[in-house]
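Taking it in order: structure first as structure tokens, then the write-up.
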Amino acid sequence: MQAFATARDAALALRPDEPVYGFRPSVLKADARSFLEAFGGRTAYAVKTNGEPMILKVLAEAGIDTFDVASPAEFAAVRSVAPNAGMLYMHPVKAQSHIRLALEQYGIRTLALDHEDEVAKIVRIVRALDIPPPEVTLFVRLLTKGAAAYELSKKFGAGPAHAVELLNRIAGLGFKTGIAFHVGSQVEDPDTFERALASTAWVRSRIKTDIAELDIGGGFPAQYGVDPRKSNGAPTPTVPELMTRIAADTVEWGLDDLPIVAEPGRVIVARCLSVLVRVMLKKGQRVYINDGVWSSLSDSWTGKLLLPTRLIPDPARSRRNGSPDRIVPFRICGATCDSVDILSRPFLLPETVDTGDWIEIGHIGAYSLGLRTRFNGFYPDTFVEIATPFEEEAGVAGFAAPEMRGGH
Ligand SMILES: *Cc1c(COP(=O)(O)O)cnc(C)c1O
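Take the sequence shown: its letters are residues 39 to 446, numbered as in my numbering.
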């Protein structure tokens, strides 16, 4: 991988016409370590957020030794970079053959479920492989409600009364039990976690035997941009702020005696990756770029996230309109011919932006590489390494991380 000190250096040296990803391994390492430091329990990185080998490798080096996995490809990806890492198979709905592979080939002993038929599938394999049930921990995924950029409880989770039934059944079969929830992604309101903890306490108080572990899932928010025209004043909580609050809530709901696991994804990987795109055309307040919702930017589209950006003007362009100091919102049109390929949030850019310029789009490490498609023939796959953290290089617009917030 070619390495550059800054994104500007990369843009001006390569003058790329295809999107180029800027990977910052030192930022990834720092963000993984900050999470490990702020969270007192066991950290299981959620591989679906970004399962690229280069990412998993750096995370393992940073000290992450447990991974939340959901498919055979994810088992293999983790095993190949971190042969001794623990894996939690937390997909509530699994293929019978995948359960067998997990237990038999990968030695996985922790699984999640939200229905009795899933218990039956697991029991069948456990018996066939002659595994003693007490060696296996089964987490019941609890239904939760709350406000997240993505609401995942619409799809998975057992209601509290159903969870009580499932836990009693699992304990009766001799398995170790746990309660898991996952409140969604980019959860900005800490009350959402508290409601899930309250529900956990209710379930725990009604089961016959106690649980062995609590899994609070992922959903911890990363720092994205804030549109100054729409700022509602409530800043995104930082990891230490959120962890302090969650720790206090576990005490309040009488859950602090349990071993606790978290499955962070986004908050760990968002900042370590950017994409350097080129402006194909500027048409009034619209900017057409060579990436979009079918390549690197679908997460910002569905999650309605405003991404921080940096304009890197093409020095070859001599004439420009407007002032480079005036930052204005531009509607962003993606590379494909599809009419839905328009971002749901603007980019804030200097009004001088024009055809041929580059835009570095920051904090796209979560739900980007894994969601690229080959639609319309566009598939960005070029990577460079960049030493300077995105927000430390000059010219960022639309950013509102706590350390940058003070100024306005
Ligand atoms: C996707 C997922 C995560 C990670 O969510 P983030 O919002 O990226 O932190 C954690 N746990 C489960 C079960 C998931 O499906």
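Ideal Cβ placement from N, Cα and C applies to all residues, glycine included.
The structure presented is a predicted model; accordingly, all values stated were derived computationally and were not measured.
Identity of the residues DSSP links to residue i by a beta bridge
| i | result |
| --- | --- |
| residue 421 | 59 |
| residue 367 | 386 |
| residue 321 | 324 |
| residue 314 | 58 and 398 |
| residue 81 | 300 |
| residue 42 | 424 |
| residue 348 | 398 and 434 |
| residue 253 | 218 and 299 |
Reference residue i, options the options, closest by Cα
| i | options | result |
| --- | --- | --- |
| residue 86 | 407, 434, 421 and 431 | 407 |
| residue 149 | 56, 318, 258 and 177 | 177 |
| residue 198 | 411, 209 and 218 | 218 |
| residue 328 | 318, 95, 99 and 335 | 318 |
| residue 135 | 160, 125, 118 and 332 | 160 |
| residue 326 | 109, 141 and 373 | 373 |
| residue 31 | 261, 196, 53 and 167 | Residue 31 lies beyond the range of the chain shown here (39 to 446); nothing can be said about it. |
| residue 470 | 388, 315 and 400 | Here the chain comprises residues numbered 39 to 446, so residue 470 is not present and cannot be evaluated. |
| residue 337 | 355, 277, 405 and 281 | 405 |
| residue 125 | 279, 43 and 299 | 299 |
| residue 365 | 386, 335, 340 and 146 | 386 |
| residue 89 | 204, 296 and 108 | 108 |
| residue 230 | 283, 78 and 104 | 283 |
| residue 400 | 414, 310 and 95 | 310 |
| residue 320 | 151, 302, 358 and 353 | 358 |
| residue 228 | 276, 377, 340 and 214 | 276 |
| residue 207 | 412, 232 and 249 | 249 |
| residue 367 | 389, 354 and 350 | 389 |
| residue 220 | 102, 180, 247 and 48 | 180 |
| residue 464 | 164, 257, 147 and 67 | The structure shown has nothing for residue 464, since the chain only spans 39 to 446. |
| residue 417 | 58, 289 and 343 | 58 |
| residue 264 | 153, 343 and 98 | 343 |
| residue 204 | 247, 375, 47 and 43 | 247 |
| residue 331 | 431, 409, 75 and 111 | 409 |
| residue 432 | 39, 45, 353 and 41 | 45 |
| residue 413 | 48, 375, 430 and 398 | 375 |
| residue 369 | 174, 378, 363 and 241 | 378 |
| residue 21 | 78, 253 and 168 | Only positions 39 to 446 of the chain appear in the structure, and residue 21 is not among them; the question remains open. |
| residue 232 | 292, 251 and 209 | 292 |
Check: residue i C-beta below 6 Å from any heavy atom of ligand 1
| i | result |
| --- | --- |
| residue 128 | yes |
| residue 153 | no |
| residue 301 | yes |
| residue 84 | yes |
| residue 200 | no |
| residue 87 | yes |
| residue 220 | yes |
| residue 80 | no |
| residue 72 | no |
| residue 341 | no |
| residue 356 | no |
| residue 237 | no |
| residue 256 | yes |
| residue 304 | yes |
| residue 338 | no |
| residue 223 | yes |
Residue i beta carbon near ligand 2 (any heavy atom closer than 6 Å)
| i | result |
| --- | --- |
| residue 132 | Only ligand 1 can be found as ligands here, which leaves ligand 2 out of the picture. |
Cβ distance (whole Å) where residue i is taken to contact residue j below 8 Å
| i | j | result |
| --- | --- | --- |
| residue 60 | residue 422 | 6 Å |
| residue 425 | residue 347 | Contact doesn't hold; Cβ gap of about 20 Å is too wide. |
| residue 120 | residue 91 | Contact flag wrong, Cβ pair sits at about 10 Å. |
| residue 28 | residue 84 | This structure cannot speak to residue 28, because the chain is shown only from 39 to 446. |
| residue 274 | residue 234 | At roughly 19 Å, the Cβ-Cβ gap does not stay under 8 Å, so residue 274 and residue 234 are not in contact. |
| residue 202 | residue 138 | Between residue 138 and residue 202 the Cβ distance is about 29 Å, and since that is not below 8 Å, they are no contact. |
| residue 211 | residue 259 | 37 Å between Cβ atoms; not a contact. |
| residue 262 | residue 381 | About 13 Å separates the two Cβ atoms, so there is no contact after all. |
Complete runs of the beta strand (DSSP E) confined to the region 374-399 [at least 3 residues]: Along the length of the region 374-399, whole beta strand (DSSP E) runs at least 3 residues long occupy 385-388 and 396-399, reported in chain order.
Ranges of the alpha helix (DSSP H) found wholly within the region 139-222, counting only runs of at least 4: With a minimum length of 4 residues, the continuous alpha helix (DSSP H) runs that stay inside the region 139-222 are 154-166 and 198-210.
Only counting runs of 4 or more residues, tell me where the alpha helix (DSSP H) segments fall wholly within the region 99-131, in order along the chain. Listed in chain order, the complete alpha helix (DSSP H) runs (minimum 4 residues) inside the region 99-131 are 110-119.
Inside the region 257-311 only - alpha helix (DSSP H) runs reaching at least 4 residues: Listed in chain order, the complete alpha helix (DSSP H) runs (minimum 4 residues) inside the region 257-311 are 277-290 and 304-307.
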